[in-house]
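J.:
In the working numbering, the protein residues as written are 2 to 172.
1. Buried or exposed for residue 72, please, with buried defined as at least 16 other CB atoms from any protein chain shown within 10 angstroms of its CB.
2. DSSP state of residue 43, grouped into three classes?
3. Where residue 176 and residue 117 are concerned, what is the direct C-alpha to C-alpha distance, given to the nearest angstrom?
4. If you draw a straight line from the C-alpha of residue 103 to the C-alpha of residue 139, how long is it?
5. For residue 108, is the classification buried or exposed, using 16 other Cβ atoms within 10 angstroms of its Cβ as the cut-off for buried?
6. Does DSSP classify residue 150 as helix, strand or coil?
7. In angstroms, rounded to a whole number, what distance separates the CA positions of residue 79 and residue 53?
8. With a floor of 3 residues, list each beta strand (DSSP E) that falls wholly inside the region 61-94, ordered by position along the chain.
9. Going by beta carbon distance, what residues of the same chain come within less than 6 Å of residue 112, once the five residues before and after it are set aside?
Structure representation (structure tokens):
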């Protein structure tokens, strides 16, 4: 449950980033100062402005000495590779799979649904189901076997309890 609570805290931070980009982007778009034609270009811009910075920020957090995002830090969790913190590239791969892949699938599904004229093609339904299934598999995996998610298994990482902070001056 601590991982889910940490995830909720991290998503609150992520939603702050989304709100900030929306506060700038929506007025620019509605005023006509910027315009992106086509759903593919809109999806690419969304990925570049929202998804990529979030994935990179999470990777930076998890590759630092504390090896934790804000939510994990508050709940005294950390990401480990064996007895060490993951390097940036491993943390980037982990967060790309954890955040980027489901988010991009979800974006693609929304754009495909909003541009479908008349009957929705089967591929769009598959994309939509996948957008929901991937995060669901991630959550369910927390409660079975050793509680490691597919992205942790792929990246050879695990989330552990952080050691207690050392007292200042203790030695």
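Each residue gets a CB set at the ideal place from its N, CA and C atoms; glycine is no exception.
T.: Inspection of the coordinates gives the following:
1. Per the 10 Å Cβ criterion, buried.
2. helix
3. Residue 176 is absent from the model: the chain starts at 2 and stops at 172.
4. Between the alpha carbons of residue 103 and residue 139 lies a distance of about 10 Å.
5. buried
6. coil
7. C-alpha separation (whole angstroms): 22 Å.
8. 78-81
9. 40, 44
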